[in-house]
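Worksheet for the structure shown next.
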Amino acid sequence: MRTRVLVKTGLRGLLLGCLGLLPLLGPAAAELRKVEAVGIFGIRQGARTRVIPRDEAIDEAIWEGVSRVALEVIGEAAPSAVPDARATDGPSGSDAQGIDGFAGAEETGEPSADEVAGLRGALGEELLPYTRGYRILEDRGEVPVLFEELPDVFLEYVVVLEVVVDVDRVSAALETAGLIAPLGGVGAGGAIQVELVGLSRYEALLMVVGALEEELGATRVQTVEFARDRQVLMVEGPLGPEALSAGLAALERVELVLEPIGVDPVGRQIRLLGQWFPAPTAESGTEADEVPAPGG
Numbered sequence: 687m688r689t690r691v692l693v694k695t696g697l698r699g700l701l702l703g704c705l706g707l708l709p710l711l712g713p714a715a716a717e718l719r720k721v722e723a724v725g726i727f728g729i730r731q732g733a734r735t736r737v738i739p740r741d742e743a744i745d746e747a748i749w750e751g752v753s754r755v756a757l758e759v760i761g762e763a764a765p766s767a768v769p770d771a772r773a774t775d776g777p778s779g780s781d782a783q784g785i786d787g788f789a790g791a792e793e794t795g796e797p798s799a800d801e802v803a804g805l806r807g808a809l810g811e812e813l814l815p816y817t818r819g820y821r822i823l824e825d826r827g828e829v830p831v832l833f834e835e836l837p838d839v840f841l842e843y844v845v846v847l848e849v850v851v852d853v854d855r856v857s858a859a860l861e862t863a864g865l866i867a868p869l870g871g872v873g874a875g876g877a878i879q880v881e882l883v884g885l886s887r888y889e890a891l892l893m894v895v896g897a898l899e900e901e902l903g904a905t906r907v908q909t910v911e912f913a914r915d916r917q918v919l920m921v922e923g924p925l926g927p928e929a930l931s932a933g934l935a936a937l938e939r940v941e942l943v944l945e946p947i948g949v950d951p952v953g954r955q956i957r958l959l960g961q962w963f964p965a966p967t968a969e970s971g972t973e974a975d976e977v978p979a980p981g982g
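The opening residue of the sequence shown carries number 687 in our numbering; numbering runs sequentially from there.
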């Protein structure tokens, strides 16, 4: 008789193979926006040996691109408080202010320092996860400063990038920080995408759906993609991505074992590797023949 321990051991080889495919298993229709952004870094004479001006300018351009999209998302979520979709430099680290905190941008034409700090606090210091890549359109290099604001800065490094911003990830971060209302009004920020890999039996999918609804408190489970060995569900309920992934992995089923292979809290996606062991038939004592799912 197969045991849960033996099943998990048998999954290891398949798990290692699937890990290499994780970058290819993103959401089916993520919203992406291309933004042309300028990055400017003022070069202090005494700091040349401590920083690389070109890299700093690229970071500034990425910040401008991501923050511009964030402001657009806030404006789309709150039409009565639409800020101008331009990014400005600002201090890092701040508590989120909520949608109303950006109302002043409508009058001034750009976010205030506090509003920019709110974005910094919501998005964090590492902005690459909010992008799908970037390319340098123009590398202007070191040029004289246009406006002399600091006495020891006479040169600045300037680059122009095309930044591809993942709107879904930005929206999720803004929802978590309270800057926009959750679109789905569920859990901590909307529905969670659950991707199942390795299950070819329709009965297995039904068992997962039943467990989500009966044991894990899901209020809505929708199958958005069904193919042999891969299914995608959208799940609404009280649990966040990490808790939902852990709950599915802890299910006690003789026929079914699920093992997490990826959790994306920001994008609200989880991936699990599954294995199905049909119960022996009552008459023959052998496993039942595989029955294809509807449409399979």
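Beta carbons are placed, not taken as given, at the ideal position from N, Cα and C, and that holds for glycine.
Where Pro946 sits in the DSSP three-state scheme: strand
Option nearest Asp838 by Cα separation, candidates Pro946, Asp950, Val952, Ala733: Ala733
Entirely within the region 875-916 and at least 3 residues each: give me those beta strand (DSSP E) ranges in chain order. 878-883, 906-913
Relative to the alpha-carbon of Asp915, which residue among Val952, Trp962, Glu941, Arg954 has its alpha-carbon at the smallest distance? Trp962
What separation, rounded to the nearest whole angstrom, lies between the Cα atoms of Ser753 and Ala863? 14 angstroms
Below 8 angstroms, how does it come out for the region 945-965 and the region 929-937: are there three or more Cβ pairs, yes or no? yes
For Val921 and Leu898, which I take to be in contact (beta-carbon distance under 8 angstroms), what is that distance rounded to the nearest angstrom? 6 angstroms
Opposing strand residues paired with Arg826 [DSSP bridges]: Arg826 pairs with nothing; no bridge assigned.
I believe Leu841 touches Val853 by the beta-carbon criterion, under 8 angstroms. Please report the beta-carbon distance rounded to the nearest angstrom. Not quite, the Cβ-Cβ distance comes to about 35 angstroms (not below 8 angstroms), so this is no contact.
Val737: buried (16+ other C-beta within 10 angstroms of its C-beta) or exposed? exposed
Just to confirm before moving on: does the CB-CB distance between Ala859 and Val721 stay below 7 angstroms? no
What span of residues does the beta strand (DSSP E) with Leu959 cover, start to end? Per DSSP, Leu959 is one residue of the beta strand (DSSP E) stretching across 955-962.
Could you check which residue in Val918, Tyr816, Pro739 has the C-alpha nearest to that of Ser886? Check the Cα spacing between Ser886 and each of Val918, Tyr816, Pro739: the tightest is with Val918.
Beta-carbon gap between Ala803 and Leu865 smaller than 7 angstroms: With a cutoff of 7 angstroms on beta-carbon distance, Ala803 and Leu865 are scored as not near each other.
Distance CB(Val856)-CB(Leu823) smaller than 7 angstroms: no
Gly948 to Gly884 span [Cα, whole Å]: 14 angstroms
C-alpha distance - Gly751 paired with Glu861, whole-angstrom precision: Distance between the alpha carbons of Gly751 and Glu861: 19 angstroms.
Between Arg719 and Val759, is the Cβ-Cβ spacing less than 7 angstroms? no
Please identify the residue among Asp745, Arg826, Glu835, Arg906 whose C-alpha is closest to the C-alpha of Tyr816. Out of Asp745, Arg826, Glu835, Arg906, Asp745 has the C-alpha closest to the C-alpha of Tyr816.
C-beta contact flag for Gly819 and Val850 at 7 angstroms: In this structure, Val850 lies closer than 7 angstroms to Gly819 by Cβ.
3 or more residues per run - each beta strand (DSSP E) lying fully within the region 711-741: 718-730
Can you give the beta carbon distance from Leu944 to Ala935, rounded, assuming they're within the 8 angstroms contact cut? 6 angstroms
Enclosing beta strand (DSSP E) for Asp852 [first to last residue]: Segment 839-852, the beta strand (DSSP E) holding Asp852.
Rounded to the nearest angstrom, what separates Leu832 and Glu762 at their Cα positions? 34 angstroms
Candidates Ile748, Glu900, Asp741, Val880: which alpha carbon is nearest Arg806's? Ile748
Check whether the Cβ atoms of Val880 and Val895 sit closer than 7 angstroms, and answer yes or no. No; because the gap between Cβ atoms is not below 7 angstroms, this pair is not in contact.
Are the beta-carbon atoms of Tyr843 and Ala743 separated by less than 7 angstroms? Taking 7 angstroms as the Cβ cut-off, Tyr843 and Ala743 qualify as a contacting pair.
Considering only residues of the same chain and omitting the five flanking positions on each side of Ala890, which have a CB-CB separation below 7 angstroms? In chain order, Leu942, Gly960, Trp962 place their CB closer than 7 angstroms to the CB of Ala890, counting only its own chain and leaving out the 5 sequence neighbours on each side.
Answer with buried or exposed for Gly725, where buried requires no fewer than 16 other C-beta atoms within 10 angstroms of its C-beta. buried
Taking the CB atoms as reference points, tell me whether Pro927 and Ile878 lie closer together than 7 angstroms. yes
Kindly indicate the opening and closing residues of the alpha helix (DSSP H) around Gly933. Here the alpha helix (DSSP H) through Gly933 covers 927-935.
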